[in-house]
Amino acid sequence: MLSDHLNRLGKFYRGKRILITGASGYIAWNLLRTLVCFDCTIICLSRNVQRIDRSFGRASITYVQGAYQDSQVIQDVMVDMDVIFHLASQTSVRYAEMDPLDDYEANVRPMHLLLEACRSKQLHPTIIFSGTSTQCGLHEQTHVGRSAVDHPITTYDFHKLQAEQLLKYYISRGWGQGVSLRLTNVYGPGPKSSNSERGVLNAMIRKALSGKDLVVYGSGQYIRDYIFIDDVVLAFLTAPLSIESTSGEHFLVGSGIGTMIIDAMKLVVKLAQLKSNQSISLQSVPEPPDFSAIDRRNFIADLDETFGPILSKDTHTLEAGINKTIAFLNEYR
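When you line the sequence shown up against the working numbering, it's residues 1269 to 1601, in that order.
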């Protein structure tokens, strides 16, 4: 089933020109691992060029180093693009609160420049935007669908929502096409995140494999929807295939399964101990003073509203995903 879908993706991307912004980031690293297997042309735009091993791939890759806020850089890389994966982002919630204007420059302006390039040059690439499930803010219900009313409570989420709304606005004016994928808690193989607020589950797996004890804030009973990176990549690659029916929309990309943080950490300890033969404990500490309301959320993606053209319900279980992550980290440590 999966191999049939990959063959379908290979046919779709054959001959396509693809731009990836934020190409040195975690999601881009994983996206490239699949894209390089297709007969396509990839332009990787990043502030810091990090080349991927493509000895096994078929794609032609060009690396461009530049700022996402530089309109000339954006204009230059937009030539003849078929698909744009807009992954560039500042991802620290705390930094966004400290410097809202800089966060705007990092998370809103690049999208505006991309869209203006499309409008002014009359380009019509398919833009796939990497959003976040926290854009919707806090809701009383735990299961949240894409029809939920958005009330972001952090500067970071407000700016991510602004970027998404810009995309939708330009699409409504006939100046482009695209879709926003709001990601839940992503984990799995890949480079270590440069932001300590992101990739928490990955960080705990790395720590456990090193034989270090794990720490959870408070009771750890807040519910998260953990989604394995391979499922995220498949959603991104699949999104352009149905753009005629989904353009201008947003979709949640999650597993649809809720897991308390404490239970996820216990599973990490259990599986890491089996692989490392080391004794690892899990300790509870008080929540830090700057623990925000968004950190206390309970969230599960309602796949009844998302299932269809973007994401399959057949995603990795948390145990399978953690085991794959452990295997990767053991191989490349």
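All residues carry an ideal CB built from backbone N, CA and C; glycine is no exception.
The structure displayed is predicted, hence computed values, not measured ones.
Local conformation of residue i per DSSP, three classes
i	result
residue 1336	coil
residue 1349	coil
residue 1553	strand
residue 1566	coil
residue 1585	coil
residue 1545	coil
residue 1328	strand
residue 1525	coil
Residue nearest to residue i in terms of C-alpha spacing, selected from the options
i	options	result
residue 1536	1552, 1399, 1593	1593
residue 1602	1503, 1343, 1416	Given that the chain is displayed from residue 1269 to residue 1601, the structure contains no residue 1602 and the question cannot be resolved.
residue 1432	1385, 1519, 1340	1519
residue 1453	1427, 1521, 1481	1521
residue 1386	1370, 1300, 1350, 1410	1350
residue 1288	1273, 1340, 1346, 1276	1346
residue 1366	1424, 1311, 1342, 1559	1424
residue 1533	1501, 1314, 1550	1550
residue 1566	1414, 1297, 1488	1488
Nearest-angstrom Cα separation, counted from residue j out to residue i
i	j	result
residue 1291	residue 1418	28 Å
residue 1363	residue 1474	24 Å
residue 1445	residue 1512	8 Å
residue 1416	residue 1546	44 Å
residue 1492	residue 1595	23 Å
residue 1279	residue 1392	20 Å
residue 1399	residue 1427	10 Å
residue 1481	residue 1527	21 Å
Beta-carbon proximity of residue i to residue j, cut-off 8 Å
i	j	result
residue 1383	residue 1429	no
residue 1439	residue 1360	no
residue 1306	residue 1326	yes
residue 1554	residue 1486	yes
residue 1308	residue 1283	yes
residue 1573	residue 1405	no
Proximity test, Cβ basis, 8 Å: residue i and chain B
i	result
residue 1471	Going by chain labels, chain B is absent from the structure shown, which holds only one protein chain.
Identify every run of the beta strand (DSSP E) within the region 1478-1522, keeping only runs that are complete inside it and at least 3 residues long; order them along the chain. Entirely contained in the region 1478-1522, the beta strand (DSSP E) runs reaching 3 residues are, in chain order, 1482-1485, 1494-1496, 1518-1521.
Would you mind listing the alpha helix (DSSP H) stretches within the region 1278-1315 that are 4+ residues and don't spill past its ends, in chain order? Runs of the alpha helix (DSSP H) lying entirely within the region 1278-1315 and spanning at least 4 residues, in chain order: 1294-1303.
Could you give the uninterrupted runs of the alpha helix (DSSP H) lying entirely in the region 1404-1481, keeping only those of 4 residues or more? The alpha helix (DSSP H) runs lying completely inside the region 1404-1481 and spanning 4 residues or more are 1423-1440, 1468-1477, given in chain order.
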